[in-house]
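J.:
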Amino acid sequence: MEDLNKANSHIVKILSVEDVTHNVKRFTVEKPLGYKFIPGQATDISINKPGLETTVGPFTFTSLNQSEYLEFTIKIYKEHDGLTSKLSLLNPMDELIVHDVFGTIRYKGPGVFIAGGAGITPFLAILRQLKLENSLSGNKLLFANHNEDDVINKAELKYILGNNYLDVLKAPLNPENRSKTIDKALLKAYIGDQNTWYYICGPDAFTAAMVDHLQNLEVLRTKIVIEE
Ligand SMILES: Cc1cc2nc3c(=O)[nH]c(=O)nc-3n(C[C@H](O)[C@H](O)[C@H](O)COP(=O)(O)OP(=O)(O)OC[C@H]3O[C@@H](n4cnc5c(N)ncnc54)[C@H](O)[C@@H]3O)c2cc1C
6 MEDLNKANSH IVKILSVEDV THNVKRFTVE KPLGYKFIPG QATDISINKP GLETTVGPFT
66 FTSLNQSEYL EFTIKIYKEH DGLTSKLSLL NPMDELIVHD VFGTIRYKGP GVFIAGGAGI
126 TPFLAILRQL KLENSLSGNK LLFANHNEDD VINKAELKYI LGNNYLDVLK APLNPENRSK
186 TIDKALLKAY IGDQNTWYYI CGPDAFTAAM VDHLQNLEVL RTKIVIEE
């Protein structure tokens, strides 16, 4: 069979668009025949409309490889004149172009997942796969967001991880929730033994700060997994 992952691009129809939060949408799209990826990987996406085909942005598969469809969970930046504001205007039957599969975030063993906002997407795929394989033991998630309304797929993540899910809200709307950030003191409580992996995904500044905190807590750089 032809290795389609080596081909440059595939035109796929959007099957559904749903709101996940006030600024995050879930796109379910056709999956090209033979297209393969592992949880945590991503592809470049563009819109198959005149003038937009060459504007690409990277997005992570939140569906699993065995699914019949591809799913993307995308934070929309309405204020940027960029790809995501154009994606937000699309409807079922519109077409996307998906490109080669890439990405360095992949599951290596039990550990602490540290996500900031839309940085949850590779972990959503990895945790869904681990749940399916009944292999969640030893994994924890620290999920940083601005407030309750920004949390992506909270009910599902809480269902998957139970008490190993921690919401970290900077500016909670509910006065009963304390303002928190993922800092060195919080991370200290989650440092495991030498075999523990630390998976980080979020805005560049968030990732850099987390790597810094972990290294200050004497975690080896080789045990830290980031997109690079
Ligand atoms: C490997 C990888 C996987 C990713 N997976 C996902 C995912 O699954 N889901 C997800 O939501 N995101 C994901 N991202 C991030 C995502 O690719 C970007 O957030 C997205 O491309 C930004 O789109 P945009 O519409 O803001 O365009 P941008 O390219 O960021 O910006 C477009 C234009 O907007 C203007 N602009 C930029 N910043 C501002 C600002 N602050 N105010 C006003 N204008 C501004 C600039 O002039 C720019 O030309 C991933 C990133 C990587 C690297």
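Throughout the sequence shown, residue numbering follows the numbering used here, covering 6 to 233 in sequence. Glycine included, every Cβ here is placed at the ideal spot set by N, Cα and C.
With a 10 Å radius around its C-beta and 16 neighbouring C-beta atoms as the bar for buried, classify valine 103 as buried or exposed.
T.: Flag for valine 103 reads buried.
J.: Evaluate asparagine 144 with the Cβ neighbour count: other Cβ atoms within 10 Å of its Cβ, from every protein chain shown; 16 or more gives buried, anything less gives exposed.
T.: Flag for asparagine 144 reads buried.
J.: Nearest-angstrom Cα distance between asparagine 4 and glutamine 71?
T.: Outside the displayed range of the chain (6 to 233) lies residue 4, so it cannot be described from this structure.
J.: By DSSP's criteria, phenylalanine 118 is part of a beta bridge. Which residues make up the other side?
T.: Its beta-bridge partners are Leu146, Tyr204.
J.: Please go through the same chain and pick out, in chain order, the residues whose beta-carbon is closer than 7 angstroms to the beta-carbon of threonine 33, but skip the five residues on each side of it.
T.: Correct list, in chain order: Leu20, Ser21, Tyr74, Glu76.
J.: Am I right that alanine 149 and isoleucine 187 are in contact with their C-beta atoms under 8 angstroms? What's the rounded C-beta distance?
T.: The pair is a contact, with the Cβ atoms about 5 angstroms apart (cut-off 8 angstroms).
J.: Say the cut is 6 angstroms; is the CB of isoleucine 79 nearer than that to a heavy atom of ligand 1?
T.: Checking the Cβ of isoleucine 79 against ligand 1 gives yes.
J.: Report yes if the CB atom of aspartate 49 is closer than 7 angstroms to the CB atom of proline 63, and no otherwise.
T.: Cβ atoms of aspartate 49 and proline 63: closer than 7 angstroms.
J.: Need the endpoints of the beta strand (DSSP E) that tyrosine 234 sits in, please.
T.: The structure shown does not extend to residue 234, since the chain is modelled only from 6 through 233, so no value can be given for it.
J.: How big is the Cα-Cα spacing for leucine 171 and serine 140?
T.: The straight-line gap from Cα to Cα measures roughly 19 angstroms.
J.: Counting C-beta neighbours from all protein chains within 10 Å, is the total for isoleucine 16 16 or more, i.e. buried, or is it exposed?
T.: The residue is exposed, with fewer than 16 neighbouring Cβ atoms inside 10 Å.
J.: Comparing the CB of threonine 48 with every heavy atom of ligand 1, is any distance shorter than 6 angstroms?
T.: It does not: the Cβ of threonine 48 is nowhere closer than 6 angstroms to a heavy atom of ligand 1.
J.: Considering only their Cβ atoms, is the gap separating threonine 201 from isoleucine 231 smaller than 7 angstroms?
T.: Going by C-beta atoms, isoleucine 231 is not nearer than 7 angstroms to threonine 201.
J.: Relative to the C-alpha of aspartate 198, which residue among Phe66, Gly116, Ile110, Leu191 is closest?
T.: Measuring from the Cα of aspartate 198, the nearest candidate turns out to be Gly116.
J.: Which residues does DSSP pair with histidine 27 in a beta bridge?
T.: Bridge partners of histidine 27: none, in fact.
J.: I'd like to confirm something about leucine 38: is its beta-carbon nearer than 6 angstroms to some heavy atom of ligand 1, or not?
T.: Incorrect: leucine 38 has no Cβ contact closer than 6 angstroms to ligand 1.
J.: Use the C-beta contact count for tyrosine 112: other C-beta atoms within 10 angstroms, 16 or more gives buried, fewer gives exposed.
T.: Looking at its Cβ environment, which holds 16 or more other Cβ atoms inside 10 Å, tyrosine 112 is buried.
J.: Between Pro44, Leu88, Ile79, Lys41, which has its C-alpha nearest threonine 59's C-alpha?
T.: That would be Leu88, whose Cα lies nearest to the Cα of threonine 59.
J.: In angstroms with no decimal places, state the Cα-to-Cα distance between lysine 91 and lysine 228.
T.: Lysine 91 and lysine 228: Cα-Cα distance of roughly 38 angstroms.
J.: Take methionine 215 and list the residues in its own chain whose beta-carbon comes closer than 7 angstroms to its own, dropping the five residues that flank it on each side.
T.: The residues are Ile119, Ile187, Ile205.
J.: Go ahead and label alanine 123 buried or exposed: buried means 16 or more other beta carbons lie within 10 angstroms of its beta carbon, across all protein chains shown.
T.: The residue is buried, with at least 16 neighbouring Cβ atoms inside 10 Å.
J.: Look at the alpha carbon of threonine 67 and the alpha carbon of aspartate 105, and state the distance between them as a whole number of angstroms.
T.: Approximately 16 angstroms, taken between the alpha carbons.
J.: If distances are taken between C-alpha atoms only, which option among Glu35, Gly45, Pro55, Asn13 comes closest to glutamate 233?
T.: Comparing Cα positions, the closest option is Gly45.
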